[in-house]
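A short worksheet on the structure shown next.
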Amino acid sequence: MSEENNKVQLKVRDNGSILVTGDVELVDAEGNPFETKPKFSLCRCGASKNKPFCDGSHKEIGFQDQIRAK
């Protein structure tokens, strides 16, 4: 397996979540691991009832943000 395939990617989606792919461990402030899948989405709008994960609430509240790298 090449290093490219092991690379973690965080993709900031337009008007939505942050999509996380790759071999990554997500932990809380005390270092306790969250149960995750190989691909998961993190909340960016603050309205999710399943934080830190996205539950689609951004669609209901009309969250809008389209970040572009400079």
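Heads up: the sequence shown at position 61 corresponds to 61 in the UniProt record's numbering, and the numbers run straight through without jumps.
Glycine included, C-beta positions come from ideal geometry on N, C-alpha and C.
If I measure Cβ to Cβ from D28 and keep anything under 8 Å in the same chain, skipping five residues before and after, which residues do I get? Cβ contact annotation for D28 (same chain, cutoff 8 Å, sequence separation greater than five): F34, in chain order.
Taking only three categories from DSSP, how would you classify S41? S41 falls in the strand class under three-state DSSP.
Which residue comes first and which comes last in the beta strand (DSSP E) that contains K11? Taken as a continuous stretch (DSSP letters only), the beta strand (DSSP E) holding K11 covers 9-12.
Would you identify the three-state DSSP class for I18, choosing helix, strand or coil? Correct three-state label for I18: strand.
Would you call the CB atoms of P52 and C43 closer than 7 Å? Result yes, Cβ atoms of P52 and C43 sit closer than 7 Å.
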